[in-house]
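Colleague: Using the numbering used here, the letters of the sequence shown map in sequence onto residues 283 to 392.
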Amino acid sequence: MTIGWRVPSRSAVITCRANDRKTVIFSPYLMASWAVCDPELTLGLPARVTATTGMDALTHCVEAWLAKPYHPMCDAIALHGTQICAKSLRRAVENGADLDARGDMMMAAM
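Shown next, in the form of structure tokens:
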């Protein structure tokens, strides 16, 4: 079984490997009180992991922006996250030591 979540979030996705089914759990108790956002903790990640997690961040930003409900604050955050990804994703992948690019991608993922 794998558990994954994004901060801040009230949901978690649990994948049961036995039947490859996913279940979403929602709870206010899943909300983080704080998050450690230190790009130095990502130094040494392989380029492929940096690329796939960066594309995940970009996908969530685009998905939030395209969601049907009108929410101007969410739209602004999503658009800014997309701009950050456009500026920094390639740099973070090509130069794993670029802390500014890694920090930008960390903020886009948030």
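Quick reminder that beta carbons are idealized off the backbone N, C-alpha and C, glycines included.
With respect to the beta strand (DSSP E) encompassing C298, which residues constitute its N-terminal and C-terminal limits?
Modeller: S293 to C298 is the span of the beta strand (DSSP E), which, as asked, contains C298.
Colleague: I need the boundaries of the beta strand (DSSP E) containing T305, first residue and last residue.
Modeller: T305 -> beta strand (DSSP E) spans R303 to F308.
Colleague: Does I366 pass the burial test, meaning 16 or more other C-beta atoms within 10 Å, or should it be called exposed?
Modeller: By the neighbour-count rule (16 or more Cβ atoms within 10 Å), I366 is buried.
Colleague: Can you tell me the Cα-Cα spacing of L361 and A346, whole angstroms?
Modeller: Near 9 Å, if we compare the C-alpha coordinates of A346 and L361.
Colleague: Please list, in chain order, all residues of the same chain as V306 whose beta carbon is under 6 Å from its beta carbon, the five residues on each side excluded.
Modeller: These residues qualify, in order along the chain: S293 and V295.
Colleague: Quick check on the DSSP output: the alpha helix (DSSP H) that includes P354 runs from which residue to which?
Modeller: P354 to E376 is the span of the alpha helix (DSSP H), which, as asked, contains P354.
Colleague: Say whether the segment 329 to 349 touches the segment 369 to 387, bearing in mind that this needs 3 or more beta-carbon pairs closer than 8 Å, one atom from each stretch.
Modeller: As far as the Cβ criterion goes, the segment 329 to 349 touches the segment 369 to 387, which means the pair count is three or higher.
Colleague: What's the call for M229, buried or exposed, on a 16-neighbour Cβ count within 10 Å?
Modeller: Since the first residue shown for the chain is 283 and the last is 392, residue 229 is missing from the structure and cannot be characterised.
Colleague: With H, G and I counted as helix, E and B as strand and the rest as coil, what does DSSP make of I285?
Modeller: With a pLDDT of 42 at I285, under the threshold of 50, the predicted position of this residue should be treated as unreliable, and no value is reported.
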